[in-house]
Each structure stands twice: as C-alpha cells, then as structure tokens.
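Each residue of the sequence shown is one higher than the last, beginning at 23 in the working numbering.
The beta carbon of each residue, even a glycine, is placed where N, CA and C say it ideally should be.
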Amino acid sequence: MKKFSHVIVKRPCRALTEGITSGLYPGKPDYELALRQHDAYIAALKQCGVDVTVLPADEAYPDSCFVEDPAILTRACAVITNPGAPSRKGETPAILEAVRQFYPEDQIEFIRDPGTLEGGDVMMVGDHFFVGRSARTNQEGIRQFAAILAKYGMTCSEVPLTEVLHLKTGVNYLENGNMLVSGEFVDKPDFAAYHRVRIPEDEAYAANCIWVNDTVIVPEGYPAVLAAVRGLGYRTLTVDTSEYRKIDGGLSCLSLRF
Ligand code: GLY
C-alpha cells in the first residue's frame, strides 16, 4: 500500500552534540558519523518510494533535525506545533516554510500558548491520533489538537505517559493493525484493539520503527525486533541511528512522512 508520497527531513547541525538528552544512552554524538547515518536514512526512505525534501541544517537549534516534533502532517491538514522544550520552540518557522510547499494556507493550523505539543507524542492510526500527555505535551495542547482534528473529521485520544520522552519512544503503529509496544505501553488498555508485538526490555529503543509504504525501517542492532517485524510479513530495512540515540532521537523523530 502506498500511503506516503513525501518525506521532509532536516540535516543535523554541528550543535547536535548539545541536543537535549536524558543520558539514557551515554556519550556525545559524533557529528560526522551522524551525517553519514542521515545520508543512509535518506537513502532508505527513497527505497520506500517517497520524494525526500532535505532542509538545511540550522545551528541555532541543536535538536532541529528531529523534524517530527514541530509539525504533524495529516491527510487533510498540517499542524504546526508549539514544542514543550523551550530550546525547541524556535524550530517552527523553518518547518512552516517547508510545509507551505505542500499544504494550502487554509489547511495549516497552529498549537498556541499555553498549549504545548510535540509530534513525537502523536501516533497516527488512520484518522485517529493517539496523543501522549508528557513532559512536552500538555492537556491544553491536546485540547487544541482535538479541536483542529474535529474540523477535518478526525479524532484523538490522550495517553498519559511517565517513563519515556515521547509516546512514540515506546509505541509505534505499523499499519495493518500491528503495533510495537514496549515498557509502560505494553498493558495500556488504549491499545488493546491492536495486534501488539511486545518489545523485549533490552531492545526497547527499537520500539521506534517506522512504516513507510509497506516497508518497515528498523534501527540497526536490534535482532529480536528485526525478526519480529519480519515475522509480521513486512519488508525491512535497517539504519544505524547510534548518534541520534545519544540525544534520545530515533527513526520516527528524523522525518515527517505524509
Ligand atoms: N533530543 C530530542 C529532544 O529532547 O527533543
């Protein structure tokens, strides 16, 4: 099934080494290696049949390669978010400019103060969106997002989370009813209707895989998750994200797929 035609990514900047991190995966990102991993990520996306728009790096924003957070791109509208991390709020103008190439002005919506919302907390399942209430996404942000979606005939529901950065740090939808779940999301009743694949604790990082047109991109180095995804019948590609992992970034954070 071809669902996505376009992807937006943004080159990592040298200041990536100062990106926000929980310290869960120690070490500073190696910028040159991060660039090579970004090249491989783009190549993998292209193998999934999408056009890739590559935005230039912005040294003012260390985390700005994680384009998933400042916008949510749906079939009917684009939502420019209001990131909860103060150092990330200024990422939105560049994303807005890019999004304008794909969405008419009257289909671009905004999350505004005091609402905060980051795209990493938003998981699309058809026309329904699960939204993590996290340290980055607050209740007012979710309320505004729900009102925007309702205008376009779409819905959302809130999923409180306490242990990880974003919702999609721990749960990701692979289409066809399949969902990867780890940690605090394993037994959440919110996801009971789906075929849940439980990710082993020592491979929790790889809960963050992305489905792109029937191919699933899996982070390199997680054999149990790779086998599980293949077992679901998907074609798989692997990409090494070791340098992004050090600042809590994963495969989904690095692109907007629409
Ligand atoms: N380092 C990614 C984030 O904290 O938003």
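Check for me: the beta strand (DSSP E) holding residue i runs from which residue to which?
{"i": "G154", "result": "150-155"}
{"i": "L95", "result": "93-95"}
{"i": "L189", "result": "Counting along the chain, L189 falls outside any beta strand (DSSP E), though it belongs to the alpha helix (DSSP H) covering 189-192."}
{"i": "I239", "result": "237-241"}
{"i": "L304", "result": "Past the edges of the chain, shown from 23 to 280, lies residue 304, and the structure says nothing about it."}
Using a threshold of 9 Å, state whether the C-beta atoms of residue i and residue j are closer than that.
{"i": "F292", "j": "I239", "result": "Since the first residue of the chain shown is 23 and the last is 280, residue 292 is not available in this structure."}
{"i": "C99", "j": "Y266", "result": "no"}
{"i": "A82", "j": "A37", "result": "yes"}
{"i": "V72", "j": "N235", "result": "yes"}
{"i": "L187", "j": "G142", "result": "yes"}
{"i": "Q166", "j": "I133", "result": "yes"}
{"i": "I30", "j": "T103", "result": "no"}
{"i": "P222", "j": "L273", "result": "no"}
{"i": "E40", "j": "D80", "result": "no"}
{"i": "P115", "j": "I269", "result": "no"}
{"i": "L254", "j": "N200", "result": "yes"}
{"i": "F280", "j": "H28", "result": "yes"}
{"i": "V208", "j": "C231", "result": "no"}
{"i": "V261", "j": "A66", "result": "yes"}
{"i": "Y216", "j": "W233", "result": "no"}
{"i": "E206", "j": "T237", "result": "no"}
{"i": "I117", "j": "V89", "result": "yes"}
Take residue i as the anchor and find which of the options has the nearest alpha-carbon.
{"i": "T159", "options": "S179, G71, G175", "result": "S179"}
{"i": "T146", "options": "V72, K190, T43", "result": "Reading off the sequence, residue 146 comes out as Met, not Thr. It is K190."}
{"i": "P105", "options": "T96, P92, A116", "result": "P92"}
{"i": "K32", "options": "P51, Y63, L55", "result": "Y63"}
{"i": "Q351", "options": "G137, G148, D149, G112", "result": "The structure shown has nothing for residue 351, since the chain only spans 23 to 280."}
{"i": "T43", "options": "G271, D128, A56, E90", "result": "G271"}
{"i": "D149", "options": "T260, T96, R110", "result": "T96"}
{"i": "Q69", "options": "T258, V101, R122", "result": "T258"}
{"i": "E140", "options": "E127, D128, R155, G255", "result": "R155"}
{"i": "G243", "options": "G253, Y256, H28, A228", "result": "A228"}
{"i": "A226", "options": "R58, D52, G192", "result": "G192"}
{"i": "V181", "options": "Y174, A168, V153", "result": "V153"}
{"i": "A169", "options": "L276, D85, V101, V89", "result": "V101"}
{"i": "A120", "options": "P84, A157, P78", "result": "P78"}
{"i": "F26", "options": "R220, F124, E54", "result": "F124"}
Can you name the start and end residues of the alpha helix (DSSP H) that residue i belongs to?
{"i": "L254", "result": "Neither: L254 is in no alpha helix (DSSP H) and is coded neither H nor E."}
{"i": "F132", "result": "F132 -> not in any alpha helix (DSSP H); beta strand (DSSP E) instead, spanning 130-132."}
{"i": "K10", "result": "The structure shown does not extend to residue 10, since the chain spans only 23 to 280, so no value can be given for it."}
{"i": "R267", "result": "264-267"}
{"i": "I232", "result": "Here I232 belongs to no alpha helix (DSSP H); instead the beta strand (DSSP E) covers 232-234."}
{"i": "L46", "result": "Neither: L46 is in no alpha helix (DSSP H) and is coded neither H nor E."}
{"i": "P115", "result": "114-121"}
Are there 16 or more other CB atoms within 10 angstroms of the CB of residue i, so buried, or fewer, so exposed?
{"i": "L278", "result": "buried"}
{"i": "L46", "result": "exposed"}
{"i": "K24", "result": "exposed"}
{"i": "T263", "result": "buried"}
{"i": "S204", "result": "buried"}
{"i": "G49", "result": "exposed"}
{"i": "A246", "result": "exposed"}
{"i": "T177", "result": "exposed"}
{"i": "L202", "result": "buried"}
{"i": "E127", "result": "exposed"}
{"i": "R110", "result": "buried"}
{"i": "E163", "result": "The amino acid occupying residue 163 in the given sequence is Gly; Glu does not appear at that position. Result: buried."}
{"i": "P211", "result": "exposed"}
DSSP beta-bridge partners for residue i?
{"i": "D73", "result": "H28"}
{"i": "T177", "result": "H150"}
{"i": "A100", "result": "L95, I130"}
{"i": "R279", "result": "V29"}
{"i": "N200", "result": "H217"}
{"i": "L247", "result": "For the sequence presented, residue 247 should be read as Val rather than Leu. For V247, which the question treats as bridged, DSSP gives no partner whatsoever."}
{"i": "Y227", "result": "According to DSSP, which records beta bridges pairwise, Y227 is partnered with nothing at all."}
{"i": "L273", "result": "Paired residues: none, contrary to the question."}
Is residue i close to the ligand SAM? I mean its beta-carbon at under 8 Å from any heavy atom of the ligand.
{"i": "I42", "result": "No copy of the ligand SAM appears in this structure; the ligands present are the ligand GLY."}
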